[in-house]
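Heads up: the structure comes next, in structure tokens.
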Amino acid sequence: MKEFWEKALLGPLETLSKSVLSVLPNVLAMSIILLVGLVAAWSIGHVVERLLRVIGLDHLTNRLGVNAALTRGGVKADPSHLVGRTVYWLVVAFAVLAGLGALNLQPLNQFAQSFLAYLPRLFTATLILVAGYLLSNFVSQAVLIAAVNAGIPPARLVAACSRWGVQLVAVAMALEQLSIAQNIVVVGFGIMFGGIVMAAAIAIGLGAKDLAKEFLEKRLSNKSRERAPDDLRHL
Amino acid sequence: MTAAETPLTPETQAKVQEIGETDVLVGIPSYNNTDTISHVVRAVSAGLAKYFARSRVVLVNSDGGSSDGTPEAVAKAVVDLGTLLISEQQSPLHKIITPYHGIPGKGSAFRTIFEIARRLKAKACAVVDSDLRSITPEWIELLARPVLEEGYDYVAPYYLRHKYDGTITNSIVYPLTRALYGQRIRQPIGGDFGFSGKLAEHYLEKHVWESDVARFGIDIWMTTEAIASGARVCQSFLGAKIHNPKDPTADLAAMLVQVMGAVFALMEEHQPVWEGVKGSNPVKLFGFQYDVGVEPVNVNVDRMISSFRQGLADLEPIWREMLAPGTVEGLLPLKDCPLQAFRIPDGLWARLVYDVAASYHHRVMPREHLLKAFTPLYLGRTATFVLETQGLTSSEAEGRIESLCQAFEDRKPYLVERWQAPFA
Chain A
44 MKEFWEKALL GPLETLSKSV LSVLPNVLAM SIILLVGLVA AWSIGHVVER LLRVIGLDHL
104 TNRLGVNAAL TRGGVKADPS HLVGRTVYWL VVAFAVLAGL GALNLQPLNQ FAQSFLAYLP
164 RLFTATLILV AGYLLSNFVS QAVLIAAVNA GIPPARLVAA CSRWGVQLVA VAMALEQLSI
224 AQNIVVVGFG IMFGGIVMAA AIAIGLGAKD LAKEFLEKRL SNKSRERAPD DLRHL
Chain B
-10 MTAAETPLTP ETQAKVQEIG ETDVLVGIPS YNNTDTISHV VRAVSAGLAK YFARSRVVLV
50 NSDGGSSDGT PEAVAKAVVD LGTLLISEQQ SPLHKIITPY HGIPGKGSAF RTIFEIARRL
110 KAKACAVVDS DLRSITPEWI ELLARPVLEE GYDYVAPYYL RHKYDGTITN SIVYPLTRAL
170 YGQRIRQPIG GDFGFSGKLA EHYLEKHVWE SDVARFGIDI WMTTEAIASG ARVCQSFLGA
230 KIHNPKDPTA DLAAMLVQVM GAVFALMEEH QPVWEGVKGS NPVKLFGFQY DVGVEPVNVN
290 VDRMISSFRQ GLADLEPIWR EMLAPGTVEG LLPLKDCPLQ AFRIPDGLWA RLVYDVAASY
350 HHRVMPREHL LKAFTPLYLG RTATFVLETQ GLTSSEAEGR IESLCQAFED RKPYLVERWQ
410 APFA
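So the protein sequences, as listed, match chains A and B.
Each position in the first sequence, counted from 1, maps to that position plus 43 in the working numbering.
Number 130 in the working numbering belongs to position 141 of the second sequence; there are no gaps in the numbering.
Spelled out as structure tokens, the structure:
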């Protein structure tokens, strides 16, 4: 009876306690890493935010139209705060990964390695999206002003098309960078772009052929039939 | 790049060495001007022979690579002095025909002329456009003699022009330059100037030859630099200015970018000079003044107003970024007012131009976008001027320009305030 008691009941308990005792240092290490990580994340995030405010990031982004776009998108925080929070969560993510690594469990280690290997792609995709957004703002503003100065009536439509065109390219590039459904993105982009061109060709061919004819006649013959004489000398 | 490094071709250098020194140098920038340049060269030659008979004189043609035989036309152009009753023995006229280097444009052509003037130690220089049809020999005297004999450093032209000729000058550059620097130079971007050899050297020392100054901006740059450097400035009455259109294909927006860009860049450079200036003073005017008929100019007010209104409809968000809120509010009633009631008043226009200058300074958006977005506003103001001066003679219209200048001068404290701090 005593033997049964020791082997059947105390044995597994002893094994379990040994296992728990062997994991405890790892759990303690994970807790310490998480705690330090959280403190570091808060500090670094705070410092980054203050630093960006000092160097005038908000002023610069305001000039570039980013602040207005954020407000339009319902984001009330300024870019310095957003970058600070992003850095905070990045450090937290690293701390969590490092903490899980401290547990030394095989599946978690593999996940951490995969995530770390994916980070550069994520970073590049984010950069592409931000650059694409800024470029689309610049291009659409330039197109809008040029279209108004040229007297093209749907100036805003032309500008909006140019904005969405640039942003579409940026999104396609970012998705490709993230290796998300690469073929679908390329094919989808091709179909959409080709569709737009074809739609425009059909629209001009059927709906605005006279306008196109008149436009080409004016350009090629270098004279305007309807325009009243205007030889204003500006300089 | 220092002044000594301004490039000249070996042939030009040899010619300069052969001539040695000169008293009077007249420069003519050109690019495909074969139909007018012979007349200009003959007028200059006659002017030098008649009024500077005992001086050493040089004519420089700085060409931008014409393909229509402009340099050959300059070389062949001769004037029969006998028919002009010029019999006095004169020193020979040296002609230097040279290509220029750098960005294609009038500014780069002038740079070569300045360099030749520096190497020849010219005492007085003049530059005249190659597309002039109304130039006479007297122009050369009027541009060079105030420098040579009266001790002036810079001679600006004073033309009789049609009331709708030179609208950028009348509505922006003249009022703004006058209010900024306090000198009433009526044609600050006239195109034909006289200047001393000393001032030519000063121009060469400036590092502006890769900027808009090298193109349309050269005229306002020369005038402003002369004023800001403390040079003695005067004007000469040249009569009517009749010339070929500057560039039939030139885009108005591009023209505004270059001229306004140069004016605003100069404002940044010379802020200490203009900040404290109040009011303005008349500038000495040489020459016998007379009235003359000028070429009529056709204008299409409807098109200008519709350009403005399209700007108001499509560019309003951009205008709100570059103009003060009160300025935009002042423009809004023009969206649907009757054509004959369309007006951008003097005071509003002055504030608007000052807002654009301040926005350029504070870089509220890419500068090229800012200046191009200004185009419909300029057309709106030009339409206002045309509507206000219908039925007036050119000299009567001058009174309207005078009151606009007064509005710019009165609102200068607003500019200083805006220049120092961005819009709230």
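A virtual CB, placed ideally from N, CA and C, is assigned to each residue, including glycine.
With a minimum length of 4 residues, the unbroken runs of alpha helix (DSSP H) contained wholly in the segment 86 to 131 of chain A fall at 100 to 107, 109 to 115. From the beta-carbon of residue 206 of chain A, no residue of chain B is found nearer than 9 angstroms; the closest lies around 13 angstroms away. Around the CB of residue 130 of chain B, 16 or more other CB atoms lie within 10 Å, so the residue is classed as buried. Among the residues of chain A, those whose CB is under 7 angstroms from the CB of residue 364 of chain B are 192, following chain order.
Within the segment 177 to 248 of chain A, the complete alpha helix (DSSP H) segments at least 4 residues long are 198 to 220, 225 to 245, listed from N- to C-terminus. For residue 50 of chain B, the three-state secondary structure derived from DSSP is strand. Within 9 angstroms of the CB of residue 181 of chain A, the CB atoms of chain B belong to 355, 358, in sequence order along the chain.
Between the beta-carbon of residue 133 of chain B and that of residue 145 of chain B there is about 13 angstroms, and that puts the pair past the 8 angstroms contact cut. The segment 265 to 277 of chain B makes contact with the segment 214 to 226 of chain B: 3 or more CB pairs, one atom from each, lie closer than 8 angstroms. Shown here, residue 163 of chain B sits in a helix according to DSSP, grouped into three states.
Not a single C-beta of chain B is nearer than 8 angstroms to the C-beta of residue 234 of chain A. Counting only the Cα atoms, residue 150 of chain A lies some 34 angstroms from residue 49 of chain A. Residues 22, 25, 232, 233 of the same chain have their beta carbon placed closer than 7 angstroms to that of residue 120 of chain B, with the five preceding and five following residues left out of the count. Note on residue 220 of chain A: 16 or more other CB atoms within 10 angstroms of its CB, so buried under the neighbour-count rule. The alpha-carbon separation between residue 387 of chain B and residue 393 of chain B amounts to approximately 10 angstroms. Per DSSP, residue 34 of chain B is one residue of the alpha helix (DSSP H) stretching across 26 to 40. Straight across, the Cα-Cα distance linking residue 314 of chain B with residue 307 of chain B is about 12 angstroms. Proximity of residue 188 of chain A to chain B, defined by a Cβ-Cβ separation below 8 angstroms, is satisfied.
Residues of the segment 294 to 324 of chain B with a C-beta less than 8 angstroms from any C-beta of chain A: 295, 296, 299, 300, 303, 304, 307, listed in chain order. At a Cβ-Cβ threshold of 8 angstroms, residue 109 of chain B and residue 47 of chain B count as neighbours.
Residue nearest to residue 399 of chain B within the set B:135, B:169, B:155 is B:169 (criterion: CA-CA distance). Here the C-alpha atom of residue 143 of chain A lies approximately 9 angstroms from the C-alpha atom of residue 76 of chain A. Sequence-distant Cβ neighbours of residue 90 of chain B in its own chain, meaning closer than 8 angstroms and more than five residues away, are -4, 97, 101. Close partners of residue 242 of chain B in chain A (Cβ separation under 7 angstroms): 192. Only residues of its own chain outside the window of five on either side were considered, and among them 392, 393, 396 have a CB closer than 7 angstroms to the CB of residue 335 of chain B, listed in chain order.
CA-CA distance, residue 210 of chain B to residue 161 of chain A, rounds to 55 angstroms. At a cut-off of 8 angstroms between beta carbons, residue 198 of chain A contacts chain B. Taking all protein chains in view, the Cβ of residue 81 of chain B is surrounded by fewer than 16 other Cβ atoms within 10 Å, so the residue is classified as exposed.
Taking CB atoms only, residue 95 of chain B has no neighbour in chain A less than 8 angstroms away. Nearest CB-CB separation between residue 361 of chain B and chain A: below the 8 angstroms threshold.
Contact between the segment 36 to 52 of chain B and the segment 11 to 19 of chain B is present: three or more C-beta pairs spanning the two stretches fall below 8 angstroms.
Of the residues A:228, A:213, A:206, A:81, the one whose Cα lies closest to the Cα of residue 185 of chain A is A:206.
As for any beta strand (DSSP E) of minimum length 3 sitting wholly inside the segment 56 to 129 of chain B, the runs are 82 to 88, 113 to 116, ordered along the chain. Secondary structure at residue 144 of chain B: strand, using DSSP grouped into helix, strand and coil. Here the alpha carbon of residue 407 of chain B sits roughly 32 angstroms from the alpha carbon of residue 290 of chain B. Contact annotation, residue 148 of chain B with residue 184 of chain B: C-beta distance approximately 18 angstroms; criterion of less than 8 angstroms not satisfied.
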